[in-house]
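For the sequence shown, the working numbering assigns the number 1 to the initial residue and increments by one for each residue that follows. By construction, the Cβ of each residue, glycine as well, lies at the ideal position given by its N, Cα and C atoms. Structure record follows, encoded as structure tokens.
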Amino acid sequence: MHKDVERVILSEEKLENIVKSLAKQIEKDYNGREFIMVGLLKGSIVFMAELMTKINLDFRIDFMVASSYGGGTESSGKVKIIKDLSISAKDKDILIVEDIVDSGNTLNFVINHLVSNGAASVKVVTLCDKPDRRKVPLVPDYCGAVIPDEFIVGYGLDYDEKYRNLPYIGILKRSVYE
Ligand code: IMP
Ligand code: MG
């Protein structure tokens, strides 16, 4: 285990099972539909890469970059789109892939953006959810794991752009950011 990690909450094995189960649900719901899987960079990269190889359907992928976090562990609440889709959202069924939903500010903003650009439908698959910290009402359509109110890293999730490469998800030691 990495020296900055307090304890592992989702092991590699657990993550593999979560991803398989989410892929199965998505495969069932999107069967016969042409959809676009949209990853929110950078946190979703590991999850999305694993998830997409397990969905046996035809779909396109694209990415967006939205920012609300600075270097800290709290969302600023102000969301900006730094990189928009390169495929048009108009009349498309869109499945957003997110690493974690916290306040919900980021997703709320991104969903509204896609809807106002004419998306036919917008759903969300998130690996982790911290529902206790929600500031806007938002319920992900597919959720891998509900997480306690702790700052977590690994499997794509970062603190100050580090720890994304850890193959598990763990709670970051408070001494690292306090
Ligand atoms: P929200 O806008 O407050 O819902 O923030 C969502 C984004 O904040 C996520 O996509 C993550 O990039 C980041 N985030 C929230 N909680 C954590 C965490 O515990 N670890 C790492 N990143 C987090
Ligand atoms: Mg993110």
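Taking all protein chains shown into account, do 16 or more other C-beta atoms lie within 10 angstroms of the C-beta of residue 16, making it buried, or fewer, making it exposed?
-> If you number the sequence shown from 1, residue 16 lands on position 16. Classification for residue 16: exposed.
In chain order, what residues of the same chain have a beta carbon less than 6 Å from the beta carbon of residue 127, not counting five sequence neighbours either side?
-> Looking up residue 127 in the sequence shown gives position 127. Result list for residue 127: 47, 99, 144, in chain order.
Between residue 38 and residue 83, what straight-line distance do the alpha-carbon atoms span, to the nearest angstrom?
-> The residue given as residue 38 occupies position 38 in the sequence shown. The residue given as residue 83 occupies position 83 in the sequence shown. One C-alpha to the other measures close to 12 Å.
Determine the direct distance from the alpha carbon of residue 18 to that of residue 25, and round the result to whole angstroms.
-> Position 25 of the sequence shown, counted from the first residue, corresponds to residue 25. Position 18 of the sequence shown, counted from the first residue, corresponds to residue 18. For residue 25 and residue 18, the distance between alpha carbons rounds to 11 Å.
Reference residue 124, options 130, 113, 140, closest by Cα = Here residue 124 corresponds to residue number 124 of the sequence shown, with the count starting at 1. Closest option to residue 124, Cα to Cα, is 140.
Check the C-beta distance from residue 170 over to residue 1 and give it rounded, since I have them as a contact under 8 Å.
-> Position 170 of the sequence shown, counted from the start, is the residue given in the question as residue 170. Position 1 of the sequence shown, counted from the start, is the residue given in the question as residue 1. 7 Å between Cβ atoms; contact.
Is residue 151 near the ligand IMP, going by C-beta to nearest heavy atom under 7 Å?
-> As a position in the sequence shown, residue 151 is number 151, starting the count at 1. The answer is yes for residue 151.
Would you grab the beta carbon distance between residue 166 and residue 154 for me? Rounded to a whole angstrom, and I think it's under 8 Å.
-> Translated into the one-based positions of the sequence shown, residue 166 becomes position 166. Translated into the one-based positions of the sequence shown, residue 154 becomes position 154. Indeed, because the Cβ distance is near 3 Å, the residues count as touching under 8 Å.
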